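For reference, the structure discussed in these notes is given below.
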Amino acid sequence: LHVSATPIPGDLDGHRYVVSIFHDVTDERRHRDELASFAGIVAHDLLNPLTTVQGWSETVVELLADAPEHPAVAATSDGVTRIRRAATRMRALIDDLLAYTLARDSALAATDVDLREVVSDIVVARIDQAYSGNRPAPRFDLGALDPVRGDRVLLRQLLDNLISNAIKYTAPGVTPEIRIASTLLGDGAVCVEITDNGIGIPAGHHDSIFDNFHRAHRSAPYSGTGLGLGICKRIVERHGGTLTVRDNRDGPGSTFAFTLPAAHAAARNPVGGVHAR
Ligand code: ADP
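One rule links them: number in UniProt numbering = place in the sequence shown (from 1) + 403.
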């Protein structure tokens with residue numbers, strides 16, 4: 404049982420009263436346990452063997468590359484490369500399905516969240532990832548980022564999905580330039596905007612990209628599962644907000660905007676600078 408008690412101000416006939424609410428959380432708790440065991444099954448029974456397939460196929464690809472003159476190489480390298488790609492796709496799908504389940508069903512653990520801290524972590528990780536993959540490092544311009552009220556794990560997932568899309572959907576060879584800033588709205592909400600200089604959303608796809616498995620760019624080099632924005636939408640809606648996209652007016656690319664409740668102890672962060680290495 405969850406129990407809350409609120410004293411009624413003043414007294415009545417010389418007595419003081421309290422309103423107590425008893426909330427039966429048995430079903431919620433059972434549901435959460437079921438979800439945790441489902442996530443455990445996915446993580447253990449699917450991810451572990453898949454990690455073995457991924458690891459060994461990568462090792463074999465490297466070994467084959469070291470011995471190109473061996474007669475067995477031509478016959479096997481194409482097959483092994485396909486196995487590796489299939490394992491990578493499967494991994495992305497399992498990760499996204501798991502994230503979608505958690506975004507949809509897990510209990511929200513709401514606290515005040517310092518968005519600047521969350522965004523900075525993601526920014527550093529994404530710049531490192533670009534360097535290790537020999538791709539142009541994205542440039543980030545961080546404006547004011549107001550603290551919000553929400554589930555830190557889910558909000559990190561939301562921002563990571565939107566930032567990774569902003570980087571991914573950029574024309575090859577172009578340096579991704581991403582601005583992230585928020586505005587404090589009058590009604591106790593914060594609006595966060597992520598603006599990219601990417602390839603943009605084709606006409607007619609602005610609503611459907613939020614549907615599960617809908618992909619507006621399907622040709623190489625843009626790979627994905629089509630689940631990321633469905634996860635984002637679900638996370639924002641669970642916080643009582645909305646997620647939208649619009650084309651940039653004064654240049655290429657798109658702006659994704661979402662609203663979240665402002666933090667209870669709202670203190671605005673100073674404006675940040677341009678992050679690049
Ligand atoms: P995924 O990236 O795995 O395909 P998402 O659900 O994250 O799936 O995105 C759905 C589709 O929306 C993408 O396939 C892409 O066509 C489009 N999209 C998402 N973000 C952007 C962006 N920043 N710029 C251009 N297109 C985007």
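All C-beta atoms, glycine included, are put in the ideal place defined by N, C-alpha and C. Keep in mind the model is a prediction, meaning the values are calculated, not measured.
Item	Value
Could you tell me which whole alpha helix (DSSP H) segments of length 4 or greater appear in the segment 511 to 576?	518 to 535 and 555 to 571
Less than 8 Å between the CB atoms is what I'm expecting for Gly-644 and Ala-606, so what's the real figure, rounded?	Not quite, the Cβ-Cβ distance comes to about 26 Å (not below 8 Å), so this is no contact.
Please indicate yes or no: does the CB of Arg-618 lie closer than 7 Å to some heavy atom of the ligand ADP?	yes
Determine, using beta-carbon pairs with one atom in the segment 639 to 657 and one in the segment 515 to 524, whether at least three such pairs fall under 8 Å.	no
Beta carbon of Ile-634, beta carbon of Gln-560: below 8 Å?	yes
Would you check if the distance between the CB atom of Ser-567 and the CB atom of Leu-518 is smaller than 8 Å?	no
Could you name each continuous alpha helix (DSSP H) segment of 4 residues or more that falls completely within the segment 435 to 514, going from the start of the chain to the end?	451 to 469 and 474 to 508
Could you check if Asn-600 belongs to the surroundings of the ligand ADP, using beta carbon to heavy atom distance under 7 Å?	no
Can Val-476 and Val-464 be called in contact, C-beta distance under 8 Å?	no
For Ala-490, which residues in the same chain have their Cβ closer than 8 Å to its Cβ, ignoring the five residues on either side in sequence?	Leu-453, Val-456, Gln-457 and Ser-460
Any chance the CB of Gly-629 is under 7 Å from a heavy atom of the ligand ADP?	yes
Hey, is the segment 433 to 440 in contact with the segment 413 to 423, meaning 3+ C-beta pairs nearer than 8 Å?	no
Determine whether the beta carbon atoms of Ala-666 and Asp-515 lie at a separation below 8 Å.	yes
So Ile-486 packs on Phe-543, CB below 8 Å; how close in whole Å?	Going by Cβ atoms, the distance from Ile-486 to Phe-543 rounds to 36 Å, so no, they are not a contact pair.
So, Ala-495 versus Thr-628, is the Cβ gap smaller than 8 Å?	yes
Is the CB-CB distance between Ala-623 and Ile-602 below 8 Å?	no
Report the rounded CA-to-CA distance for Ile-570 versus Val-595, giving the unit in angstroms.	17 Å
Consult DSSP for Phe-659 and reduce its assignment to one of helix, strand or coil.	strand
Within 7 Å: the Cβ of Ser-657 and any heavy atom of the ligand ADP?	yes
At a threshold of 7 Å, does Gly-603 count as lining the ligand FMN (C-beta to nearest heavy atom)?	Only the ligand ADP can be found as ligands here, which leaves the ligand FMN out of the picture.
Looking at the structure shown, is Phe-613 part of a helix, part of a strand, or coil, going by DSSP?	helix
Do you know offhand how far Asp-599's Cα is from Ala-506's?	25 Å
Whole angstroms are fine: how far does the CA of Ile-411 sit from the CA of Ile-497?	51 Å
What's the C-alpha gap between Glu-520 and Ala-619?	31 Å
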